[in-house]
Amino acid sequence: MTAYIIRRFLYAIPILIGVNIITFLLFFVVNTPDDMARMHLGQKRVTEQAIEKWKHERGYDKPVLWDSQAEGKNKITNTIFYQNSVRLFLFDFGRSDNGRDISYDISQRMWPSLSISLPGLFLGLFAYITFGLTLSFFRASYLDIWGVVICVMMMSISGLFYIIGGQFIIGKVLHLVPISGYDTGLDSIKFIVLPVLIGLVGGIGSSTRWYRTIFLEEMGKDYVRTARAKGLSEQMVMYRHVLRNGLIPILTGVVVILPLLFMGSLITESFFSIPGLGSYTIDAISSQDFAIVRSMVFLGSVLYIIGLLLTDISYTLVDPRVRLQ
Amino acid sequence: MQIIHRIFILATTILISACSDSPLNNPYPVEEDNKNIYYDTFSERPKHLDPALSYSSNEYVFLGQIYEPPLQYHFLKRPYQLIPLTATEMPVPVYQDNNGNVIDEESPSEKISKVIYRITIKPGVLYQPHPALATGKTDEYIYHTLEKNDLKGVHVLADFKETGTRVLTAADYVYQIKRMAHPKIHSPIAGLMSQYILGLTELSKQLAEEYKNAQTDEASYIDLRKYDFEGARTIDDTTFEIVLKEKYPQFLYWLSMSFFSPMPWEADVFYSQAGMSDRNITLDWYPIGTGPFMLSENNPNLRMVLEKNPNFRGETFPIEGEKNDAALGLLEDAGKAMPFVDKAIFSLEKESIPTWNKFLQGYYDTSGIVSDSFDQAVQLNAQGEADLTEEMKEKGITLLTAVMTSTFYTGFNMRDEIVGGESERAMKLRQAIAIAVDFEEFISIFANGRGLPSQGPVPPGIFGHQAGEAGINPYVYDWVGGKAKRKSIDVAKSLMIEAGYPDGRHVETGKGLVLYLDSPAAGPGSKANFDWLRKQFNKLGITLVIRATDYNRFQGKMLKGTAQIYQWGWNADYPDPENFMFLLYGPNAKFEINGENASNYKNKEFDQLFGQMKNMGNGDARQLIIDRMVEIVRRDSPWLWGYHPVAFSLHHSWYKNAKPNLMANNKLKYKRIDPVSRKAQRKKWNPPVWGPVILILIVLCLSIIPAIRYHKRRERSAAL
Amino acid sequence: MMPVIFITDGLIFLLLMMVFSFVWYARGQEHLRAPWRTVARSPMAMGSAVILFFYLLIGIMDSIHFHPQLENVNNEEQQYSTKILSLLDVTVTHLREQDEKTFSAPFAAHAYSKETIEVSDGSTLREYPRLNYGGAHLSDPDQGKTIDIILKSVVGVIIGLIVWCFVSSVIVFTSKCRTSLSFMGVVHSMLKKNNDIPWKVIHLTIGVVIVSLTVLLYLSNYYHIFGTDKVGQDVFYQSLKSVRTGLVIGTLTTLVMLPFAILMGLMAGYFRGWIDDVIQYLYTTLSSIPGVLLIAAAILMSQVYMDNHMDDSIGLAQRADIRLLILCLILGVTSWTGLCRMLRGEAMKLREMDYVQAAQAFGVSQFRIILRHLLPNVMHIVMISIVLDFSGLVLAEAVLSYINIGVDPSMHSWGNMINSARLEMAREPIVWWSLAAAFVFMFMLVLAANLFADAVRDAFDPRIRGA
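Just so you know, the protein sequences line up as chains A, L and V, in that order.
Residue numbering for the first sequence follows this note's numbering, starting at 21 and increasing by one per position.
Residue numbering for the second sequence follows this note's numbering, starting at 145 and increasing by one per position.
Residue numbering for the third sequence follows this note's numbering, starting at 3 and increasing by one per position.
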C-alpha cells in the first residue's frame, strides 16, 4: 500500500511539470511583463522607470528560459521560468504581482471557501441520497415519474438563474438572510445559508437522477431479489441492502472532488462576495495577476491528483477484490 | 454526526437571532447595533496606501482620514477654498530673483528664480499609536532592530504588542518630500514635481547612485535625513520651507494632497527591516498618520476598518459655511470636536445589486445610485429637476447632487490619417461626428440624465467655464430659446459632403467610410454603449468598428499612437483650469512621451496661450485667454466632447452633515451618525417573511402522502 | 449580395455534411440502425427532436452571411455595404430595425420610464412617451390594446394552422412515396394508436411549434413581444440570434475534439506500451488543470494574438466569430479527456477480441484494424457522449460569459443576455423580460436536448439494453 502511494506520488511529478510548463507558456504569451507592470501601477503618470523597477522587483526582467550570460548552473536558474515556476514544487508560491504573499493569502481564503463547500457537500449528499432513494422506492409510481421529469427540468436551468433568483427572493423579498457578505466564526452562518441552499437546489436535478439510477441498478441485482424472497419488508431491503451497496459508487465518486473543495466555487463566491479562493481566482483573472493564477492552477492540479489517489485507495477499501498494482 | 451537529448550530443561531430584536438579515454582529459606527462600501482593493504612491480616489477614501498634509479644503465653503490643516496659517510665497532679493509677485516670470513657501505647523500634534514608535525604558525604539527570529508568528501589524507615539515635527514633512526622490518608491508625481521643486532632480540622481551601490539586499534602508536638499529644509521643530524653481500658484493645491503628508523616519526604518515585506508588513499596507482615524483592520478581501485615533488633537467642526448651510442644518455641530463616529467599516461590495439592496435595507448609511436602480430612487419632475421617489421619501432618504469636476470625452487621435491632422477635410469630418454623436441622448440613456454635455474642456465649477449663451460650443450647438440645442443632423451631413464623404461614402471610390473605436471595456455594460455609438455614427453613414481590448493593450496602443477614436476621462487634481487645458497641451502628448494629452493634439497658438495662462491669477485677463483657447479646440475638435457627470448620492435620515465636496479627501471626520434611529428603522424595514418557506415545506410533505398510499396498495396487492 | 463565410459557418456546414454522410452510411449498418429505430419509437425523443430541428433551422439560417448590396450611385462598380447580415436578419428585418430608445416591457405601447416631452406651446411635461414601433398602430393603447393583441393572435393562429397543414401534408406525401397506401391511408395509419413511430406526437409538436412561431412573428410586427433592452433593441431578436451561438458551442466543440479523442483513445488502448503512457500522460496533465483557468488563459491569449497579428480590415463580426471558434477549441481541449479515457478502456477490451486477433494474424495493417474493427464498435460511446455533452456546453457558455471569458461581448448569446439583464434586476419596476426570454429559449433547448440525449443513451447503452 505505502509503496503504491509513493509510486503514485512520483508519477504525479511529471504531470505537475507538464502543468507548470503549459501554464507558464500560456501566460507569457498572453502578457508580456511590460503589460503586467502597466496594469498594476495604475493609470495616471506611469513612468518607464517605474515599469522597469516593477519588473526588476518581481524578477521579470530576466531572460525567459535560458540566460546565456550567466555562468554554470545559473544559466538555468537565473531565468523567469526557473524562479517563478520551479519553487512551486516546494509550495512556495512567492509573491503576487501586487506584492502580497500568496501562500498566506491562500491559507486565509481557504476557510471561507470550505465553509461554503463542506456543508454544501454534506447536506447535498444527504438530500440527494434521500431524494434518490425515495424515488427508487416509489419506482414507477407517479411520484417517481414526476420526480424524474422535475429533475430533468431542473437540470435544464442554468445555474446562474438559481443564484439570481435565490438571492432576489430570499434575500430581498423575504428578508431572511443577508444578501451577501461574510464574517468569521459563528457569525458566518447567516451568510452561508443562502449560498449553500442555492448550491443544494441547483444540484438536485442531476444528482437525484444519477443516484436514482444507481439505486435502481442495485435493486435489479440478484441478492436484492433473494432478500425480498426471504420475506424482508421492502423498507428493510431498501435500507439494509440497496442503500448500503448503492453508497459505494456514490461515495467513491465523491472522493475525487474532496480535495477540490478547497478551491471553492467561482461563481457563487463572487455573487455573494465571499472572500474565498474562488473569488480570489476570479479577481486574479480579471486583474491578470500572473503569479496568483499560476499558483491556483498548480494547487488545483495537485489537489486533483490527490483526489485521484484517494479514489483509488477508497476503491480498495470498499472492495477488497480490487488489487492495487 | 456532522450533519446533525451543523443543523443544530444552524437552528440555534436562527433561534437566537429570532429572539433578539435585530433583523435576521443584518449582516453585522448583533452587538454592533447600538454603536456609533459608520458603514460604507468599497469596490476595489486599494492598490497603494503609501502617501507618496497613492494617486487614486478609491485610495484617498482611506488615506485622507489617516494622513494630514499641511492644508485642506474648507468642508462647507464654495468655491473651494484652501485652509490650514496642520499648518498654523496659509503659507504665502516669497519671490526672489537671481541675487536673492525679494521681488514682487507680479514680476515677469523669467526674473523669478526662487519661490519660497515657509510653513509653520501646529505644536503638539501626535501620531497614532504605532509599533514603529514604540520605545522601551531607555527611550530606544524596541522594534527597530528585529532579527529574523523575532518575526516568527508575525503576520499582521497588530502582532507587535507594543505601540508608541511622538510629536509631529517639521522634519517629517521634509522627509516625505525627499521620499518622492527615493529610487525604490517612484512616486507618480516625482516627474512633475522635479520641474518645480528646486534640487529634486539632483536628489533623485544622487539617491539612485547610492541605492545602486548599497543594494546588497532588498531591505537596505537609505536614511534620507542625511541628505542635504535645497528644495525642502527644516528651519526648526515646527517650521519648514519648500523652495520652487519658478512661479507655480497651483502648488498650494498640491500641499493639500496626501503626497505632502508627514512621514516619521521611524516608520521607514521599521518597515525596511529584513523579512517585513515578506509578511506584507509595509508602509503600502499599514499607514501611520496623525489624522482623526487609523486603519485598524486591513482585509481588502472583506472589509477595511478605520478606528478613531486616540491621540487625535481634536479639530473642531467649521463654524461658518455657505449661505444656506445653516438652514440645511449643516452648522448644528459647529465648533464641536471632531471626529463624531468611533469607527468606520467599509465592506467589500463588487456587485451593484447587493450593495443597493443593502442600502435600502439600512445596512449602509450612504450610497451612490447606479444607473440600474435610478428609476427606483429618483424621478425627474416636470421641470426636469431630480427629486426622490415616494418610496425613498417615506424612508427619510435624502438626495444630494453635484456636478463633478471631471470630464468624460471621446477623442480622435490627431496622428491618425483619416480622422487626425490639421487638414480641412479631417476637421470637417470631426465636427460632423461631434454633431452626430448625441450626448444628450447618451446621458439620458446611460446616466439617467445625470450629466451635462460638455461645451469645452473646462467643467462647470472651475474657473474659466462660461455658462449660458457665451459658453456654448458654436460648432455643435445653437442657442435657441434660452437653451443650447444640438445642431440638426443635416448640418452634420452637409459637413460630411464638404469633407468629401457624402452619405459616409468616399466621394471618389464610393467605398463606405469605416472608423475604429479602441476601447479597453469588455463586459455586459459596454455592449449597450457600443451599440449606441454604432447607431450614432450610422446616422452619417459611417460604419464604426469597435476594437475592444484589455486595458494593457489599450494603453499600449495609445502610447504607440495607433488608436483612432478612444474614450477617456479626467478627474481634476485641483480646481484650476490649468488641470484641464493641459490635456490638450502639445508637449504633453501621449504618443511616446506618455503625457496626458491622449489625442496628441498640437496647436501652436494654443500651446503658446497655455504657457501664458498657466501661471496667471484668476481674473478677466485669464478668462480672455481661456476663451481664446477654448475657441481653438472647439474649431479643431480633437475631441467629440462628451459630458461632465453629475454625482447623485443618497443618505439615510440618521446620517448627518452630508454635503458634497469633490475636492476634500478627509470628509469622514465631519460625518455624524444617529445609531438609535438607525436601529429602529432597520427593524421596521426588514420584517422576516416566513410564509412562502412554510408553504413550500407543506407542499413537499403533502406530495409524498398519495405516493405512500399508492405504495401501500401495491404492497397489499403483492401480498395477496 | 456578396456572401461571406465565417469560419464557424464553414464548420457548421462541414458538420452537417458529416451528419448526412453518417446517416447515409448508417442506413446500411443494422447495428447502427436498430438503436436509432428505438429512439424513433420514443414519443418524448421525437417531440424533442422536432424542437431541436426548429432550433437548428434558426441556427442554419443565421449561419448564411453576406454583405447586402448598396444602391448604385452613378453607374460605378457595384458596391457592397460593410455590414454583414444573415438570412435570419433579412427574414426578421422588422425586429432588427425597429429599435426603441431604451427599455420597454413586453407588449408595451409606452416607454418604461418617464421622459420630458416638449409640448407644442413650449412647456414641458413628464410622461411615459409612446414607443416608436411597439403598438404604434393603436390610436388609444389603454383602450384597445388587449383586444388588439387577442385579435392579432387569432390571426397568427390561423396562419399558423394553415402553415402546419401544409407542412404536415408534405410529410405525409413524402412517406406516401414509400408505401403503397393512399394519402388518407397514410393519415389513418399515422393516427393509429399502436404505431411504430409516434407520428401523432411528431405532428402535434410540429403544430405547436409552428403555430406559436407564427403567432410570435405576426405579433412582433406590431409589438415588442419580449420587450426591448437598455438601448431599445428587441429582446425577441436577441434571443433568436443567440440560438446560433448556443448551437455552435454545443456542436462544434464536440466536432473539434472528436478526432483527437477517438484517435488518441483508440491508439492508447490498442497499442499499449509507450504510446499508451504518452497519451495517458497527456490527458491526465490536461485534465488536472482546472478547466476554467485554462479557458481564461486561452481566451486572454487569443485576444492578444488577434490584436497583434490581425490587420484592422477584419471586422468586428469576424473577430467575434474567431473568438467563438477559439472558445469551442479550448472547451474541446478541456472536455476531450473524458471520452478519450473511456475509449481507451473500450479499445483495451476490444483488442483481445477474436476477430481483432484474427485480423492481426492475417497481417492486416494496424491502422486498418483501428479503422475497420475498433472504430465501428465504439461508435455508440461516441454517440452517447456527443448528445450528453451538448446541453452541458450550452449551459457552460452562460457561466463563462458571466466571468467575461465566454463569447465576445458584442456577440448575441444567452450568456451575454443574462449577464447584462442581471444588472437590471435592481430596477423598479423590475426589468425581467431579458432574463425571462433568455431563460425560456435556453430552457427549451436544453430540456429538449436532455430528453433526446436520454433516449439516445437508453437506445445505445448495451448495459441498459440488456437489462
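Glycine residues also receive a C-beta, built at the ideal position from the N, C-alpha and C atoms.
When only Cα atoms are considered, Leu207(L) and Tyr224(L) end up about 20 angstroms apart. Taking a C-beta distance under 8 angstroms as the contact criterion, Phe113(A) and Ile100(A) do not qualify as a contact pair. DSSP, reduced to helix, strand and coil, places Lys202(V) within a helical segment of the structure shown. In this structure, the CA atom of Phe211(A) is about 10 angstroms from the CA atom of Thr204(A). For Thr687(L), the enclosing beta strand (DSSP E) has its first and last residue at Thr687 to Ala692.
Judged by DSSP secondary structure, Pro83(A) falls outside any beta strand (DSSP E); it is assigned neither H nor E.
Residue state for Asp422(L) is assigned as helix, using DSSP reduced to three classes. Our two residues, Arg343(V) and Ser337(V), have alpha carbons roughly 11 angstroms apart in a direct line. When Cβ pairs closer than 8 angstroms are counted between the two stretches, the region 230-238 of chain L is seen not to touch the region 464-474 of chain L, the count staying below three.
Annotation: Glu399(V) to Asp11(V) spans about 19 angstroms, alpha carbon to alpha carbon.
In this structure, the CA atom of Trp276(V) is about 24 angstroms from the CA atom of Val322(A). Shown here, Tyr710(L) sits in a strand according to DSSP, grouped into three states. With fewer than 16 other Cβ atoms inside 10 Å of its own Cβ, Glu859(L) counts as exposed. In the assembly as shown, Met355(V) is an exposed residue. Its beta-carbon has fewer than 16 other beta-carbons within 10 Å.
Unbroken beta strand (DSSP E) stretches of 3 residues or longer found wholly inside the region 776-807 of chain L: 783-795, given in chain order.
Contact fails between the region 151-166 of chain A and the region 189-197 of chain A, because fewer than three Cβ pairs, one in each stretch, are under 8 angstroms apart. Looking at the DSSP output, Leu87(V) sits in a beta bridge with Phe68(V). Counted as a single uninterrupted DSSP element, the alpha helix (DSSP H) harbouring Ile151(V) occupies residues Pro143 to Arg180.
Restricting attention to Gln240(L), Asp751(L), Glu493(L) and Met324(L), the CA atom closest to the CA of Arg189(L) is found in Glu493(L). Runs of alpha helix (DSSP H) with 4 or more residues, each lying fully within the region 561-620 of chain L, are found at 568-580 and 583-590, listed in chain order. Residue contact with chain V for Phe181(A): present (Cβ-Cβ distance below 8 angstroms to some residue of chain V). The beta-carbon of Thr228(A) is placed no less than 8 angstroms from the nearest beta-carbon of chain V.
Ala440(V) has its alpha-carbon roughly 19 angstroms from the corresponding atom of Thr253(V). A straight line joining the alpha-carbon of Asp764(L) with that of Asp771(L) spans about 10 angstroms. Under the 8 angstroms criterion on CB atoms, Thr554(L) is classed as non-interfacial with respect to chain V.
Chain L has no Cβ within less than 8 angstroms of the Cβ of Thr176(V). With 16 or more other CB atoms across the displayed protein chains lying within 10 angstroms of its CB, His609(L) is buried. Between the region 318-334 of chain L and the region 289-304 of chain L there are fewer than three C-beta pairs closer than 8 angstroms, too few to call the two in contact. Beta-bridge partners assigned by DSSP to Ala733(L): Asn741(L). Within 9 angstroms of the CB of Gln235(V), the CB atoms of chain L belong to Ala672 and Asp675, in sequence order along the chain. Taking a Cβ-Cβ threshold of 7 angstroms, the residues of chain A close to Lys502(L) are Ile199, in chain order. Among the residues of chain L, those whose CB is under 8 angstroms from the CB of Val193(A) are Val833, following chain order.
Residue contact check for Ser491(L) against chain A: a CB pair falls below 8 angstroms.
By the C-beta criterion, the region 182-202 of chain L is judged to be in contact with the region 438-458 of chain L, since at least 3 inter-stretch pairs fall below 8 angstroms. Considering only beta carbons, the part of the region 391-412 of chain V lying closer than 8 angstroms to chain A consists of Ser393, Leu397, Ala400, Val401, Tyr404, Ile405, Asn406 and Ile407, in chain order. Contact with chain A is found for Glu859(L), since one of that chain's Cβ atoms lies less than 8 angstroms from the residue's Cβ.
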